[in-house]
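Asks: Shown below is the structure under consideration.
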Amino acid sequence: MMRSFTTRAALLAAGLVASLPTWAAEAITGDVKQRDLNWHAIIMFFVFVAFTLGITYWAARRTRSAKDFYAAGGGISGFQNGLAIAGDYMSAASFLGISALVMTSGYDGLIYSIGFLVGWPIITFLVAERLRNLGKFTFADVASYRLSQTPVRTFAAVGTLCTVALYLIAQMVGAGKLIQLLFGMSYLSAVVLVGILMVLYVTFGGMLATTWVQIIKAVMLLCGATFMAIMVLATSGFSFETMFQTAVATHPKGLAIMSPGGMVSNPIDAISLGVGLMFGTAGLPHILMRFFTVKDAKEARKSVFVATGFIGYFYILTFIIGFGAIMLVLGKPEFTETIVKDGQPVSQLIGGANMAAVHLANAVGGDFFLGFISAVAFATILAVVSGLALSGASAVSHDLYASVFAKGRATEAKEIRVSKMATVALGIVAILLGILFENQNVAFMVGLAFAIAASANFPVLFLSMFWKGLTTRGAVVGGLVGLLSAVVMIVLGPAVWVKTLGHAQAIFPYENPSIFSMPLAFLAVWIVSSLDNSASAAKERALFLPQFVRSMTGIGAEGASKH
Amino acid sequence: MDETLLQRIQSNPKFTELVHKRSRLGWTLSIIMLVIYYGFVLVLAFSPATFGTPISAGSVTTVGIPVGILVILSAFVITGIYVRRANTEFDQLTRELVEEVRQ
Numbered sequence: 000m001m002r003s004f005t006t007r008a009a010l011l012a013a014g015l016v017a018s019l020p021t022w023a024a025e026a027i028t029g030d031v032k033q034r035d036l037n038w039h040a041i042i043m044f045f046v047f048v049a050f051t052l053g054i055t056y057w058a059a060r061r062t063r064s065a066k067d068f069y070a071a072g073g074g075i076s077g078f079q080n081g082l083a084i085a086g087d088y089m090s091a092a093s094f095l096g097i098s099a100l101v102m103t104s105g106y107d108g109l110i111y112s113i114g115f116l117v118g119w120p121i122i123t124f125l126v127a128e129r130l131r132n133l134g135k136f137t138f139a140d141v142a143s144y145r146l147s148q149t150p151v152r153t154f155a156a157v158g159t160l161c162t163v164a165l166y167l168i169a170q171m172v173g174a175g176k177l178i179q180l181l182f183g184m185s186y187l188s189a190v191v192l193v194g195i196l197m198v199l200y201v202t203f204g205g206m207l208a209t210t211w212v213q214i215i216k217a218v219m220l221l222c223g224a225t226f227m228a229i230m231v232l233a234t235s236g237f238s239f240e241t242m243f244q245t246a247v248a249t250h251p252k253g254l255a256i257m258s259p260g261g262m263v264s265n266p267i268d269a270i271s272l273g274v275g276l277m278f279g280t281a282g283l284p285h286i287l288m289r290f291f292t293v294k295d296a297k298e299a300r301k302s303v304f305v306a307t308g309f310i311g312y313f314y315i316l317t318f319i320i321g322f323g324a325i326m327l328v329l330g331k332p333e334f335t336e337t338i339v340k341d342g343q344p345v346s347q348l349i350g351g352a353n354m355a356a357v358h359l360a361n362a363v364g365g366d367f368f369l370g371f372i373s374a375v376a377f378a379t380i381l382a383v384v385s386g387l388a389l390s391g392a393s394a395v396s397h398d399l400y401a402s403v404f405a406k407g408r409a410t411e412a413k414e415i416r417v418s419k420m421a422t423v424a425l426g427i428v429a430i431l432l433g434i435l436f437e438n439q440n441v442a443f444m445v446g447l448a449f450a451i452a453a454s455a456n457f458p459v460l461f462l463s464m465f466w467k468g469l470t471t472r473g474a475v476v477g478g479l480v481g482l483l484s485a486v487v488m489i490v491l492g493p494a495v496w497v498k499t500l501g502h503a504q505a506i507f508p509y510e511n512p513s514i515f516s517m518p519l520a521f522l523a524v525w526i527v528s529s530l531d532n533s534a535s536a537a538k539e540r541a542l543f544l545p546q547f548v549r550s551m552t553g554i555g556a557e558g559a560s561k562h
Numbered sequence: 000m001d002e003t004l005l006q007r008i009q010s011n012p013k014f015t016e017l018v019h020k021r022s023r024l025g026w027t028l029s030i031i032m033l034v035i036y037y038g039f040v041l042v043l044a045f046s047p048a049t050f051g052t053p054i055s056a057g058s059v060t061t062v063g064i065p066v067g068i069l070v071i072l073s074a075f076v077i078t079g080i081y082v083r084r085a086n087t088e089f090d091q092l093t094r095e096l097v098e099e100v101r102q
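Residue numbers (numbering that gives the first Met the number 0), protein chains in the order written: chain A, 0 to 562; chain B, 0 to 102.
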């Protein structure tokens, strides 16, 4: 029970429409019936696209330097960046997946929401301002600040590209299935459309356009979810007790929905999931990159505070929405269909459990609001993939091309050109992978992305800022140990070994590797760094002090560009 | 950053104060967050029935609901505490420090 649960959580984490119980997972992993064209949704979605392309055009004229391209010139305010971070982080999976999980399992939905939120305070206290004071465009700037550029940036770029690619596959497959369901378009056209729009936003508008797409999406999502939550509460006279009573009376599981369900059987996996979510969030390259878009450490802090507030508020809304779905959607004939599964007729929510919030939108706001929520879901995917594409492209152009390949001698114009080429390449790869993985089980990919972020990116980034003893060798070896152990444990674990490769028994018994792979990475970094007696290691240790002073005071930090 | 500036910053008592206060607050709040969250997870793992108890006789709302909401609020509140102190006290201290060492 626990194992399937934790994959679900990992999946919910970010990208795609969550695979809830198996029957619900059909929405993304099984055959999806293409629906009739949903005109309200399509029109609203095209309004969104036209508007965001307009913003991209506006942003393109303001995007000249590398700093504009990667970091919106450092001119985003703390509040705007907070909204953009929230827009980057609140995925379609959080919205549709968690509300569906609340609908099917009640209290357990809240447990996942909490896991995705608690990484943010840690980012605030330990990462955000130091990162802003030390870095320029990517987290590799910080990790390689006093270390040898070529090996550390190469490692950081590998970590970034792994995280981004896994996340992106999950997003593309989720997007294809979701759009097929919501809009009645074909899977292929949905994937191609998402890929093309992502490339347009990023290549022309850079970080400025990406930021505004994320802000607009965050506002739309928060408004839509607020409206739904208010309508739900209104049906129960704004009393939580009445809402819970009605839900308990309606739900087939009855009172059980008010207590923790599936988390209980395996404490190690539960804690490991918590570790992965908490520290993985602090190692997601596309999230870390957002801290360079503000002018100083103060705005960076403010932005995490704003983001934490909106994300927390949003998760409380999804909880209410899930209970609303129990009261107003679950078991109602107009939202139920009968499908044939394993030769047996099974009745389920039309389109699967992930459609809970979508049907609720229809129940509380009619066709028009249903169209709005569908458009929001699509916009959500676009905002998330754009952030990912920009992060992946910056790893290629800023870390690999400019620093490793050209050894810092590339001109800015050349670097931006490489970045745009990388974005186009990522777009093509994303579309191809989306097509390739259409019928694969991608459920483990977001979990793997979080595990790599927690086990490879986070330890290296954290120790580069906090531990004087870190050396190049230690960072690269330890980071690779974290990366490989996370990958190996997931491949040998139940999600891949059993569910994807079809073996009977998992070699590694846990779904979530982070509780093992993250400490292993820290240990490897520590041992290798401590044993490193080279002259360069001594120099790197001596450089810690100036780095520490800059991280604390901001003296010498990148400012905002003038225009 | 040149050697003399570095020396002056390091020997300035305000720098020591800044580092000390910021680290202490950052680590204290981090530990509070870790304790709250892993405390929550451990209760879920080892004593789930605790969260399944009704908050009062006859109500369907369980203890777990307000506790869960409180965990979410605590994340927001302690982030707020840090940001508030950092944006006022620590930034003020940093400004004074930078002015002093640049003279």
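For glycine and all other residues, C-beta sits at the position ideal for the given N, C-alpha and C.
Using beta-carbon positions only, say whether B:SER22 and A:ILE121 come within less than 7 Å of one another.
Replies: Going by C-beta atoms, B:SER22 is not nearer than 7 Å to A:ILE121.
Asks: When the Cα of A:ASP398 is compared with those of A:LEU542, A:PHE44 and A:PHE154, which residue comes out closest?
Replies: Checked all of A:LEU542, A:PHE44 and A:PHE154; the closest Cα to A:ASP398 is A:PHE154.
Asks: Output the distance between the C-alpha atoms of A:LEU91 and B:SER10, rounded to the nearest integer angstrom.
Replies: At residue 91 of chain A the sequence reads Ala, which differs from the Leu that was named. Going by the C-alpha atoms only, they are around 51 Å apart.
Asks: Secondary structure at A:THR337, three-state DSSP: helix, strand or coil?
Replies: Looking at A:THR337 - three-state DSSP - the assignment turns out to be strand.
Asks: Residue range of the alpha helix (DSSP H) that A:SER373 falls in?
Replies: 355-393 is the span of the alpha helix (DSSP H), which, as asked, contains A:SER373.
Asks: Among B:TYR36, B:PRO47, B:GLN102 and B:ALA56, which one has its Cα closest to the Cα of B:ILE77?
Replies: Comparing Cα-Cα distances from B:ILE77 to each of B:TYR36, B:PRO47, B:GLN102 and B:ALA56, the minimum goes to B:TYR36.
Asks: What separation, rounded to the nearest whole angstrom, lies between the Cα atoms of A:VAL495 and A:HIS502?
Replies: Cα-Cα distance, rounded: 9 Å.
Asks: State yes or no: is the beta carbon of A:THR28 nearer than 7 Å to at least one beta carbon in chain B?
Replies: Its pLDDT being 42, under 50, A:THR28 is placed unreliably by the model, and nothing is read from it.
Asks: Can you give the beta carbon distance from A:SER302 to A:GLY81, rounded, assuming they're within the 8 Å contact cut?
Replies: So it is a contact: roughly 4 Å between Cβ atoms.
Asks: Assign B:VAL34 to one of two classes, buried (16 or more other C-beta atoms within 10 Å of its C-beta) or exposed (fewer than that).
Replies: B:VAL34 is exposed by the Cβ-count criterion.
Asks: Taking buried to mean at least 16 other C-beta atoms within 10 Å of its own C-beta, is A:THR28 buried or exposed?
Replies: Legend: pLDDT at A:THR28 = 42, less than 50; position of this residue unreliable, no value from coordinates given.
Asks: Examine chain B for any beta-carbon lying closer than 7 Å to the beta-carbon of A:GLN79, and answer yes or no.
Replies: Output row for A:GLN79: interface = no.
Asks: Is it buried or exposed for A:ALA534, if we count other Cβ within 10 angstroms and need 16 for buried?
Replies: Exposed, by the Cβ-count rule.
Asks: In whole angstroms, give me the CA-to-CA distance for A:LEU440 and A:THR499.
Replies: Residue identity differs from the one stated: residue 440 of chain A is Asn in this sequence, not Leu. The straight-line gap from Cα to Cα measures roughly 6 Å.
Asks: CA-CA distance, A:LEU125 and B:VAL70?
Replies: Cα to Cα, A:LEU125 sits roughly 20 Å from B:VAL70.
Asks: Please confirm if B:PHE89 has its CB atom under 7 Å from at least one CB of chain A.
Replies: Judged by the 7 Å Cβ criterion, B:PHE89 is not in contact with chain A.
Asks: Under 8 Å: do the stretch 459-473 of chain A and the stretch 134-143 of chain A share three or more Cβ pairs, one atom per stretch?
Replies: With a cut-off of 8 Å, the stretch 134-143 of chain A and the stretch 459-473 of chain A count as touching, because enough Cβ pairs lie within range.
Asks: Going by DSSP, name the residue or residues bridged to A:LEU167.
Replies: A:LEU167 is not bridged to any residue.
Asks: Is the stretch 349-363 of chain A in contact with the stretch 382-391 of chain A, if contact means three or more CB pairs nearer than 8 Å?
Replies: No, because fewer than three Cβ pairs between the stretch 349-363 of chain A and the stretch 382-391 of chain A fall closer than 8 Å, the two stretches do not touch.
Asks: Let me know if A:ASN132 comes out buried or exposed under the rule of 16 or more other beta-carbons within 10 Å of its beta-carbon.
Replies: Label assigned to A:ASN132: buried.
Asks: Just to confirm, is the Cβ distance from A:SER516 to A:GLY492 under 7 Å?
Replies: The answer is no: Cβ separation not under 7 Å.
Asks: How about A:PHE68: is its C-beta nearer than 7 Å to some C-beta of chain B?
Replies: No, because no Cβ of chain B sits closer than 7 Å to the Cβ of A:PHE68.
Asks: Could you check whether the stretch 290-300 of chain A touches the stretch 224-231 of chain A, counting it as contact only if at least three pairs of C-beta atoms, one from each stretch, sit closer than 8 Å?
Replies: Output reads no: the stretch 224-231 of chain A does not touch the stretch 290-300 of chain A.
Asks: Could you name the residues of chain B that A:ARG300 contacts, counting a contact when the two beta carbons are closer than 8 Å?
Replies: The contacting residues are TYR81, VAL82, ALA85 and ASN86.
Asks: So A:ILE567 contacts chain B; which residues on that side make the cut at Cβ distance below 9 Å?
Replies: The structure shown does not extend to residue 567 of chain A, since chain A is modelled only from 0 to 562, so the question has no answer here.
Asks: Grouping DSSP H, G and I as helix and E and B as strand, with all else coil, what is A:VAL441?
Replies: Three-state result, A:VAL441: coil.
Asks: Going by DSSP, which residues form a beta bridge with A:ILE75?
Replies: Its beta-bridge partners are A:VAL293.
Asks: According to the Cβ coordinates, are A:GLY108 and A:VAL117 closer than 7 Å?
Replies: No, Cβ-Cβ distance for A:GLY108 and A:VAL117 is not below 7 Å.
Asks: At a Cβ cut of 8 Å, what residues of the stretch 54-73 of chain B count as close to chain A, listed as they run along the chain?
Replies: The residues in question are SER58, VAL59, THR60, THR61, GLY63, ILE64, GLY67, ILE68, VAL70, ILE71 and LEU72.
Asks: Can you tell which of A:ASN438, A:PHE449 and A:GLY391 has the C-alpha that lies nearest to the C-alpha of A:THR422?
Replies: Selected option, being the one with the closest Cα: A:GLY391.
Asks: Roughly how many angstroms separate the alpha carbons of A:LEU167 and A:GLY426, rounded to a whole number?
Replies: One C-alpha to the other measures close to 10 Å.
Asks: So which residues on chain A does B:THR15 lean against when the C-beta distance must stay under 8 Å?
Replies: What B:THR15 touches in chain A: nothing, since even the nearest Cβ is about 11 Å away.
Asks: Alpha carbon to alpha carbon, how far is A:ARG61 from A:ILE270?
Replies: C-alpha separation (whole angstroms): 46 Å.
Asks: Which residue comes first and which comes last in the alpha helix (DSSP H) that contains A:SER418?
Replies: 411-435 is the extent of the alpha helix (DSSP H) around A:SER418.
Asks: Hey, could you find the ends of the beta strand (DSSP E) B:GLN102 is sitting in?
Replies: Premise fails: B:GLN102 is in no beta strand (DSSP E) and is neither H nor E.
Asks: Using beta carbons (cut-off 7 Å, strictly below), is B:SER10 in contact with chain A?
Replies: Not closer than 7 Å to any Cβ of chain A, the Cβ of B:SER10 fails to qualify, so no.
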